[in-house]
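Asks: When the letters of the sequence shown are read in order and numbered with numbering that gives the first Met the number 0, they come out as residues 0 to 479.
We put the beta carbon where it would ideally sit given N, CA and C, even for glycine.
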Amino acid sequence: MTAPNPAPDLAASLDDALDQARTVADAVLFEGYVLYPYRASSAKNRMRWQFGVLVPPARTADGGEHAEQRTDILLEPRSGDRLHAELRFLHVRRRTVERLEPDGSYTEVPELELPDRVLVPWDEGHEERVRLHAPLAELTGEQAHTRTVTFDLPPGTEHEPVLDEEGRTLGRLVRRRGRLSGEIRPYVEQLPGPYRLSRLTVTVHNTVDAPPPAHGGSRDDALPHSMIGAHLLLAVEGGRFLSMTDPPEWARPAVAELRNENTWPVLAGPAGREDVVLSSPIILEDHPALADESPGPLYDATEIDEILSLRTAALTEHEKREARGTDARAAEVIDLVDTMPEAVRERLHGAIRGLREVTGEEPAAPAAGLSLPEGSGHPWWDPQQDPEAADTPSTVSVDGEAVGEGSRVLLAPGSRRTDAQDAFLRGCRATVEAVVADLDGEVHLAVVLDDDPGNDIRRQQGRFLYFKPDEVTPLREEEP
């Protein structure tokens, strides 16, 4: 007699985790698909498909976009012996509108008005999924190339009749799709060292042989042959992936060697699970999740649901008819907002994520060093309000000169700074407002630009720019 096989329960649990990951992945897949106010004529919808666009190889030179993406992630197989991968993307279907003429022919028109909607030309996104299931043992060495998954989506044309309320044909929608082909290449390499650790690499390639752009060819010409919002869902039964952003200390050197291109993998599914990964063209945190208050998909996940809903509710009836005719998903948004109960709308305004238990006890006194001195004469934002400000020198030596409050300097931000906007300030003149120190004891100069017309407001609000002493040069009054 053999022990009962736990695989079905494990598979069901893994499917649940993948379903949760897909809800977040949908926000990635449809980000920018149709932006509020959800009409084809809206100015925001003239530039779409911003994320995860894998174009044909012949089009990589003209638009700064790529034909492939690469995911690297560390994997501890443990008892796991099988990898599941799912590539998801949108395939553009270019829709035109035709009116039925009295003689039975069809004429392409810019719009077709119906009582409940206005149909207009539109680029629809059809979701595609390509799956891979393979034993980990078959993804190593020379045999790995045998597990490459290729796919080919042929071109085609579809017609959908447009009927009135009585079932009579008024016209038709014509959808045309271009050829799109690609491949998924998985590879597993066991890393040297005392730990049983492997590197999983999965590359996705757009391989379609689309013609190179003609003179004046636009990005729109390549979209029917591109993967839109391309991302990967990865799962391993019985094993675990290591976080890219917070790996164990012993794995940090191996993480530093990973190479992710045009995508970023994070642990997905419920918190605490380590067997599911979402590799997304948008950088996310581990275990991303949608807010419980979100009423449904609004297809603009970097915005705020409350703003989206209120803006949608403010559309005129004609604009709503146009939105319903733009796309089925846009129509769902209009219906979602129109039927949203007031209680649900109020929940979008904000939520408390944590509460202190009320026990009746007096709140504990603040930790030493956190309270601010009273009656110091400095506003709350002033660095001199800090109790440790007395330990900061009032001046620092720069090129042999004492620089402090009131000193005029020439800004020369170094290349090591992470704020790209500081590059625009090179060579600008500024006045030092204070010498301050951060929590690590590093000394900085708080400055305002001499030619900034808002200096009075900046001084009132304490909105200074901060530079290290080696990023300024003392400015002598006689210098031009």
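Flag this pair as yes or no: are the beta carbons of Leu-82 and Leu-13 separated by less than 8 Å?
Replies: No; because the gap between Cβ atoms is not below 8 Å, this pair is not in contact.
Asks: Alpha carbon to alpha carbon, what distance is there between Leu-448 and Leu-296?
Replies: Strictly speaking, residue 296 in this sequence is Pro, with Leu absent from that position. So the alpha carbons of these two residues sit roughly 45 Å apart.
Asks: Classify Asp-304 as buried or exposed, calling it buried when 16 or more other Cβ atoms lie within 10 Å of its own Cβ.
Replies: buried
Asks: Could you check what DSSP says for Ser-242 in three-state terms: helix, strand or coil?
Replies: coil
Asks: Can you give me the Cβ contacts of Glu-321 inside the same chain, cut-off strictly under 8 Å, excluding the 5 residues immediately before and after it?
Replies: Counting only Cβ-Cβ distances below 8 Å, and skipping sequence neighbours, we find Arg-38, Ala-39, Ser-40, Arg-116, Val-117, Val-119.
Asks: Beta-carbon within less than 8 Å of Val-446's beta-carbon, same chain only, minus the 5 sequence neighbours each way: which residues are those?
Replies: Val-408, Leu-410, Ala-429, Thr-430, Val-431, Glu-432, Phe-463, Leu-464, Tyr-465, Phe-466, Val-471
Asks: Under a three-way DSSP split, which group does Ser-12 fall into?
Replies: Of the three classes helix, strand and coil, the one that applies to Ser-12 here is helix, per DSSP.
Asks: Taking Thr-70 and Ser-225 to be in contact with their CB atoms under 8 Å, please state how far apart those CB atoms are, rounded to whole angstroms.
Replies: Not confirmed; about 19 Å, so no contact.
Asks: Given a cut-off of 8 Å on the beta-carbon distance, is the pair Arg-184 and Thr-147 in contact?
Replies: yes
Asks: Does DSSP put Phe-463 in a helix, a strand or coil?
Replies: coil
Asks: Over what stretch of residues does the beta strand (DSSP E) that includes Thr-156 continue unbroken?
Replies: 155-162
Asks: Can you tell me where the alpha helix (DSSP H) holding Glu-341 begins and where it ends?
Replies: Glu-341 -> alpha helix (DSSP H) spans 341-346.
Asks: Between the alpha carbons of Ile-227 and Asp-398, how many angstroms are there, rounded?
Replies: 54 Å
Asks: Go ahead and label Glu-157 buried or exposed: buried means 16 or more other beta carbons lie within 10 angstroms of its beta carbon, across all protein chains shown.
Replies: exposed
Asks: Give, in chain order, every unbroken run of the alpha helix (DSSP H) that is at least 4 residues long and sits entirely within the stretch 262-330.
Replies: 304-312, 316-325
Asks: How long is the line joining the alpha carbons of Arg-171 and Leu-89, rounded to whole angstroms?
Replies: Each residue's alpha carbon lies about 23 Å from the other.
Asks: Give the DSSP-derived three-state secondary structure of Asn-44 in the structure shown.
Replies: helix
Asks: Alpha carbon to alpha carbon, what distance is there between Glu-273 and His-286?
Replies: Glu-273 has its alpha-carbon roughly 9 Å from the corresponding atom of His-286.
Asks: Given that a residue counts as buried once 16 or more other Cβ atoms are within 10 Å of its Cβ, and exposed if not, what is His-230?
Replies: buried
Asks: Spatial neighbours of His-125 within its chain, please: CB distance less than 6 Å, with the 5 preceding and 5 following residues excluded, ordered by chain position.
Replies: His-90, Arg-92
Asks: I'd like to know whether the C-beta atoms of Gln-49 and Val-203 end up nearer to each other than 8 Å.
Replies: No. Outside cutoff.
Asks: Quick one: measure Cβ to Cβ for Leu-232 and Leu-17, integer angstroms, because I've assumed they're closer than 8 Å.
Replies: 6 Å
Asks: Could you have a look at Leu-232 and say whether DSSP puts it in helix, strand or coil?
Replies: Three-state result, Leu-232: strand.
Asks: Please list, in chain order, all residues of the same chain as Leu-369 whose beta carbon is under 7 Å from its beta carbon, the five residues on each side excluded.
Replies: With a pLDDT of 42 at Leu-369, under the threshold of 50, the predicted position of this residue should be treated as unreliable, though the coordinate-derived value follows. Correct list: empty, nothing qualifies.
Asks: Please classify Asn-454: does DSSP put it in a helix, a strand, or coil?
Replies: helix
Asks: Answer with buried or exposed for Tyr-32, where buried requires no fewer than 16 other C-beta atoms within 10 angstroms of its C-beta.
Replies: buried
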